[in-house]
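To start, the structure itself, in structure tokens.
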Amino acid sequence: MPPKEHHRIFRSSWLRAAVLGANDGIVSTASLITGVAASQVSHGIILTSGLAALVAGALSMAAGEYVSVHSQADIEAADLKLEQRSLRRNSVEELDELTGIYVERGLTPELAEQVARQLTLHDALDAHARDELGISLFNRARPVQAALASAASFAAGAVVPLAVAAAAPLADVLAWVTGASVACLGALGALAARAGGAPMGRAALRVTVLGALAMAITAGVGALFGVNV
Ligand SMILES: [Zn+2]
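Residue numbering for the sequence shown follows the working numbering, starting at 15 and increasing by one per position.
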């Protein structure tokens, strides 16, 4: 194995999901809080709305993630079942198919057949899943885990503006929540970019500008409706 080779793909997918969830939690909860705070209501109402936003957002993230990952898992399971049946019924054709795949990938026909034979003996379904369907049996989609992870990351993000809103004096809720949220978004953006090996500054700038825009728009809407109601 080469001495210093850090693959980022392994950690970047779950980290990306976690950062996205936390981003969502910060932006949507902070936007809701600034919108409500701009409409001149009591501290209690601001915090209640913020808490409701946290719970509703986390549950909706969990439900959405569960449904999407579950349908992916269903598709994979159905494909594997089909493959399993074909392996039992058409073992000769399946061996030829696997050999063909390795020839296409660059092996000589003799070596390809040897590889296909050995992998079929070792674990035929695994070989076909990987090399024909692109499914890794060790890395299957897990809906419950995905749902819990995205709910947790959303809640972790949402806690930031909520806690700041609780600590801030009523008159300063808008400024404190906006400032803390934008700072957090920038830090998260930089962290995600660093983990993914991308330039940090631009990524941080992108999320902070978009987040600040979302908060400004809802604060504007809140101020407008607060005056009118
Ligand atoms: Zn096959």
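Cβ atoms here follow ideal geometry from the backbone N, Cα and C, with glycine treated the same way.
Residue state for serine 195 is assigned as helix, using DSSP reduced to three classes.
Sequence-distant partners of tryptophan 190 (beyond 5 residues in either direction) whose C-beta falls short of 6 Å from its own C-beta, in its chain, are Val178 and Ala182. Ranked by Cα distance from aspartate 38, the options Gly215, Ala237, Ala185 and Ser195 are led by Ser195.
The alpha-carbon separation between glutamate 97 and arginine 131 amounts to approximately 17 Å. DSSP places isoleucine 47 within a helical segment (H, G or I) once states are collapsed to three. Rounded to the nearest whole angstrom, the CA to CA distance from threonine 222 to leucine 101 is 52 Å. Taking 6 Å as the cut-off, the C-beta of glutamate 127 does not count as close to any heavy atom of ligand 1. For leucine 68, the enclosing alpha helix (DSSP H) covers residues 57 to 103. Here the region 136 to 153 makes no contact with the region 58 to 65; the two share fewer than three CB pairs at distances below 8 Å. By the Cβ-count criterion, leucine 202 is buried, with 16 or more other Cβ atoms from all chains shown falling within 10 Å of its own Cβ. Excluding five sequence positions before and after glutamate 127, the CB atoms of its chain that fall closer than 6 Å to its own CB belong to Thr113, given in chain order.
In terms of Cα proximity to alanine 233, the closest of Ala44, Trp28, Leu34 and Ala32 is Ala44. With 16 or more other Cβ atoms inside 10 Å of its own Cβ, leucine 46 counts as buried. In this structure alanine 207 is not in contact with methionine 75, their Cβ atoms being roughly 22 Å apart against a cut-off of 8 Å. Judged by DSSP in its simplified three-state form, arginine 131 adopts helix.
If you draw a straight line from the Cα of alanine 218 to the Cα of leucine 199, it comes to about 7 Å.
Within the same chain, Ala36, Gly39 and Ile40 come within 6 Å of glycine 171 by CB-CB distance, once the 5 residues on both sides are set aside.
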